[in-house]
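*Asks:* Sharing a structure with you now.
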Amino acid sequence: MSGHGEPIPMTARASGPLRGTAEVPGDKSISHRALILGALAVGETRIAGLLEGQDVLDTAKAMRAFGAEVVCHGPGSWSVHGVGVGGFAEPDQVIDCGNSGTGVRLIMGAMATTPITATFTGDASLNKRPMGRVTDPLALFGAQAHGRSGGRLPMTLVGAAAPVPIHYTTPMPSAQVKSAVLLAGLNAPGQTVVIEKEPTRDHSERMLRGFGAEVSVEDGPEGRIITLTGQPELRPQTVAVPRDPSSAAFPVCAALMVPESDIFVPGVSQNLTRNGLYLTLVEMGADISFENPREEGGEPVADLRVRFGPLQGIEVPPERAASMIDEYPVLAALAATAEGSTVMRGVKELRVKESDRIDAMARGLEACGVRIEEDDDLLIVHGLGAGGVPGGATVRSHLDHRIAMSFLCLGLAARQPIRVDDGGPIATSFPVFEPLMRGLGADIDRD
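Residue numbers for the sequence shown follow this note's numbering, beginning at 422 and rising by one.
Right under this line is the structure:
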């Protein structure tokens with residue numbers, strides 16, 4: 422089951438060329454942060470282009486539970502009347518974050534240095550994911566976490582009554598961990614310092630500055646050093662959410678798989694900490710042009726023109742993983758239609774996402790007739806070239822939106838239809854995926 426209702430089986434079949442404009446939704450990472458920072462500011466924050474997927478809607482509900490006034494004024498248009506840093510009220514009910522690892526981890530950070538108690542839960546997938554990577558550093562501030570064995574949800578977090586700032590080196594490249602620590606540092610006196618050995622997406626640093634926090638970033642011998650000065654008064658902002666590069670990856674990769682396709686994807690974020698997939702696609706020989714580069718809402722964006730053409734498998738540099746961690750599933754699907762092998766190393770973080778994404782993609786590709794190799798930190802896809810994927814399988818989505826969308830895209834280019842057992846989780850991040858893809862000419866339907 423999807424965790425949000427009965428399973429929704431979906432099937433994708435070989436399509437004619439994909440053509441037209443793909444207006445993908447707002448960036449999920451920025452949408453979460455806009456709601457949370459708006460709730461921590463004093464006054465009204467206006468948000469345009471907010472992603473209205475279930476993950477973000479769950480974060481909006483959580484901010485209401487903590488005392489902020491969150492209002493939807495129409496599609497994508499929202500306002501948040503914040504309560505200020507340290508102003509969160511204790512929620513009356515359990516905070517259900519659904520399928521969102523980003524949502525629950527950032528919200529835990531935002532409340533961890535306020536002397537209140539909150540209990541968090543999620544769907545079947547989220548309740549399997551490790552939370553210790555966040556609760557361990559939050560304990561250094563003085564917060565206390567009480568959860569299931571292995572540090573899993575449901576979990577009760579008791580905020581620190583007398584928080585102290587911390588110096589913390591992240592043990593793995595994770596923007597969620599970094600962001601949780603920075604958000605916790607907002608209500609701690611003095612300076613909180615996060616050191617990350619590998620840079621991860623920097624939306625939190627950018628947006629914290631935009632809301633008036635003092636944040637510095639510098640390179641040091643141990644890695645990237647982010648320093649935040651605690652107890653600012655955050656100023657409300659007008660936030661324009663750029664289009665999500667992770668969502669754009671699906672129509673982009675579908676167009677690269679389906680012969681004679683030619684699509685236009687406007688206003689996609691080109692943040693350098695998020696563009697690893699697009700660098701990789703260009704190295705594979707993809708015909709992508711980046712047009713009209715500009716800045717919107719403090720983020721670099723561009724319009725993408727994507728045309729079908731032959732692709733060659735490559736070895737993806739492992740140091741690129743942090744900038745494309747969410748895109749490996751659809752890259753693996755695309756790699757099945759390239760010539761030669763695509764080697765993805767340094768990807769063990771995929772094992773602890775909404776599903777074990779290495780295993781989910783490997784088993785699904787094998788069922789579709791594609792040869793793969795894998796170990797704990799590696800996935801190799803041996804491509805069959807354009808039109809060479811047999812397909813004809815039913816693939817398990819494992820309650821994972823990106824697994825479901827990746828195989829539906831592959832089904833558009835396979836010889837036989839590809840069915841996913843449950844497309845329901847797609848609504849968590851890309852609620853308009855089906856009509857958008859069908860509008861381009863994709864043959865995708867619900868069984």
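Glycine residues also receive a C-beta, built at the ideal position from the N, C-alpha and C atoms.
Which residues bound the alpha helix (DSSP H) around S818?
*Replies:* Looking at the DSSP string, S818 is not in any alpha helix (DSSP H), and its letter there is neither H nor E.
*Asks:* Does the separation of the CB atoms of V727 and V686 fall below 8 Å?
*Replies:* The answer is yes: Cβ separation under 8 Å.
*Asks:* Look at the alpha carbon of G631 and the alpha carbon of H453, and state the distance between them as a whole number of angstroms.
*Replies:* Answer to the nearest angstrom: the Cα atoms are 15 Å apart.
*Asks:* To which residues of the same chain is E617 closer than 7 Å at the C-beta, ignoring the five residues directly before and after it?
*Replies:* Closer than 7 Å at Cβ, skipping near neighbours: T591, P594, K599, G644 and R645.
*Asks:* Determine the DSSP secondary structure at D544, reduced to helix, strand or coil.
*Replies:* It is coil, neither helix nor strand.
*Asks:* Do N608 and Q565 have their C-beta atoms closer together than 8 Å?
*Replies:* No, the pair does not count as a contact, with Cβ atoms beyond the cut-off.
*Asks:* Measure the Cβ-Cβ separation of R664 and G688 and say whether it is below 8 Å.
*Replies:* The answer is yes: Cβ separation under 8 Å.
*Asks:* Around the C-beta of Q956, are 16 or more other C-beta atoms found within 10 angstroms, so that it is buried, or is it exposed?
*Replies:* The chain is shown from 422 up to 868; residue 956 falls before or after that span and cannot be answered.
*Asks:* Within 10 angstroms of the Cβ of E635, are there 16 or more other Cβ atoms? Answer buried if so, exposed if not.
*Replies:* By the neighbour-count rule (16 or more Cβ atoms within 10 Å), E635 is not buried but exposed.
*Asks:* According to DSSP, which residues form a beta bridge with R726?
*Replies:* Bridge partners of R726: F685 and S710.
*Asks:* Rounded to whole angstroms, what's the CA-CA distance from M422 to P428? Just pull it up for me.
*Replies:* Confidence is the limiting factor: at M422 the pLDDT is only 34, short of 50, which leaves the residue's position unreliable and the question unanswerable from this model.
*Asks:* Could you give the residue range of the beta strand (DSSP E) that holds E626?
*Replies:* Segment H624 to G631 is the alpha helix (DSSP H) holding E626; no beta strand (DSSP E) there.
*Asks:* For H494, count neighbouring Cβ atoms within 10 angstroms of its own Cβ and tell me buried if that reaches 16, exposed if not.
*Replies:* By the neighbour-count rule (16 or more Cβ atoms within 10 Å), H494 is not buried but exposed.
*Asks:* Quick one: Cα of S776 to Cα of L527, how far?
*Replies:* Taking the straight line from one Cα to the other gives about 19 Å.
*Asks:* Would you mind reading off the limits of the alpha helix (DSSP H) that contains L752?
*Replies:* Its alpha helix (DSSP H) spans residues Y749 to A756.
*Asks:* Out of V638, F828, I684 and G426, state which residue places its alpha-carbon closest to the alpha-carbon of T442.
*Replies:* Comparing Cα positions, the closest option is I684.
*Asks:* Rounded to whole angstroms, what's the CA-CA distance from G508 to L799? Just pull it up for me.
*Replies:* Spanning the two alpha carbons is a distance of roughly 44 Å.
*Asks:* Can you give me the start and stop residues for the alpha helix (DSSP H) that E490 sits inside?
*Replies:* Unbroken run through E490 is the beta strand (DSSP E), E490 to G495; no alpha helix (DSSP H).
*Asks:* So, with DSSP's three-state summary, where would you put I516?
*Replies:* The answer is strand: DSSP assigns I516 an E or B state.
*Asks:* What three-state label does DSSP hand G761 in the structure shown?
*Replies:* In this structure, G761 counts as strand in the three-state DSSP scheme.
*Asks:* Could you check which residue in H819, L805, V768 and S762 has the C-alpha nearest to that of R784?
*Replies:* Taking only the C-alpha atoms, the option nearest R784 is H819.
*Asks:* Mind checking whether V751 and S827 have CB atoms under 8 Å apart?
*Replies:* Result yes, Cβ atoms of V751 and S827 sit closer than 8 Å.
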